[in-house]
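Trainee: Numbering (the working numbering), first residue to last: 6 to 137.
Even for Gly, the Cβ is constructed at its ideal location relative to N, Cα and C.
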């Protein structure tokens, strides 16, 4: 893989950020600097941290940035619930964006799990000692 843009989880996270920007435009003006602003920051944080971690030099750093992205995804899921319960989102937008948010969280979890698993052993068979 040559770019973070090829990662499905990054692509979904990027789409999620775009959706959050679209849906928060309809929030009450009193929330544009409150909940809407927090949702935008959290949603942008997810693909940004995936990308930054991907560009880092070590697996440990990559995992740290994925952990931050995962935390932002949890923050956004909570904010989506609040927005729905406060009546700022219609049911269709809420369901669509919540589903995408859950897909992103699941994708992040799977990527973190894969990176934490031990690397597969060297597939080359060992050459036995030659007979004397």
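1. Give a yes or no on contact between the region 24-32 and the region 44-54, applying the rule of three or more CB pairs nearer than 8 Å.
2. How do the region 69-79 and the region 48-57 stand: do at least 3 beta-carbon pairs fall below 8 Å, yes or no?
3. CA-CA distance, residue 38 and residue 30?
4. As a quick exercise: from 32, 19 and 18, pick the residue whose alpha carbon is nearest that of residue 95.
5. Looking at the secondary structure, which residues open and close the alpha helix (DSSP H) in which residue 50 lies?
6. If I follow the unbroken alpha helix (DSSP H) through residue 71, where does it start and stop?
7. Taking contact to mean 3 or more Cβ pairs, one atom from each stretch, closer than 8 Å, check whether the region 76-93 and the region 109-121 are in contact.
8. Please classify residue 92: is it buried, with 16 or more other beta-carbons within 10 angstroms of its beta-carbon, or exposed?
9. Buried or exposed: which applies to residue 8, given that a residue is buried once 16 or more other Cβ atoms fall within 10 Å of its Cβ?
Mentor: In short:
1. The region 44-54 and the region 24-32 touch, with three or more beta-carbon pairs separated by less than 8 Å.
2. yes
3. 11 Å
4. Ranking 32, 19 and 18 by Cα distance to residue 95 puts 32 first.
5. 40-60
6. 64-90
7. yes
8. exposed
9. exposed
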